[in-house]
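Q:
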Amino acid sequence: MLELPKVCRHLFPAVESKEGIEDLTETNLVNLRRIIYLTIMNALNYEEAVHKLLKIQLAEGQEVCVLSDIVDLYIEASID
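According to our numbering, the sequence shown is numbered sequentially starting from 15.
1) So, for valine 64: in the same chain, excluding its five sequence neighbours on each side, which residues have a beta-carbon less than 8 Å away from its beta-carbon?
2) Excluding the five sequence neighbours on either side, which residues of its own chain have a C-beta within less than 7 Å of the C-beta of glutamine 76, listed in chain order?
3) Measuring straight from C-alpha to C-alpha, what distance separates leucine 72 and threonine 41?
4) To the nearest angstrom, how far is the alpha carbon of tyrosine 60 from that of threonine 53?
5) Taking C-alpha atoms, which residue in Ile89, Ser92, Cys79, Lys66 lies nearest to leucine 3?
6) What number of angstroms, rounded off, separates the C-alpha of alanine 91 from the C-alpha of glutamate 62?
7) For tyrosine 51, I'd like the list of residues in its chain whose CB is within less than 8 Å of its CB, leaving aside the five on either flank, ordered along the chain.
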């Protein structure tokens, strides 16, 4: 981990207490939503979509994202 000079340590106390970097941009969530959207929209039928969605490697808790994206796509399709 990068060490701060003694002069700067009082300016950045959070840096001293943390191990690693926390990503607040939600890049992983955006990429996951893109993968889900493209998987569903490129499938020929619902069976292929489900088969491809089951192949996606999800971390714990990301299943909710899949469900919310499916609901969002259904709402979009019903509006058109």
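Ideal Cβ positions, reconstructed from N, Cα and C, are used throughout, including at glycine.
A: According to the structure shown:
1) Apart from sequence neighbours up to five positions away, no residue of its chain approaches valine 64 with a beta-carbon distance below 8 Å.
2) Take glutamine 76, set aside five residues on each side of it, and the residues of its chain with a beta-carbon closer than 7 Å to its own are Leu46, in chain order.
3) For leucine 72 and threonine 41, the distance between alpha carbons rounds to 15 Å.
4) Computed Cα separation, rounded: 11 Å.
5) Missing from the structure shown is residue 3; the chain here goes from 15 to 94 and no further.
6) A straight-line Cα-Cα distance of about 18 Å links alanine 91 and glutamate 62.
7) Counting only Cβ-Cβ distances below 8 Å, and skipping sequence neighbours, we find Asp83, Leu87.
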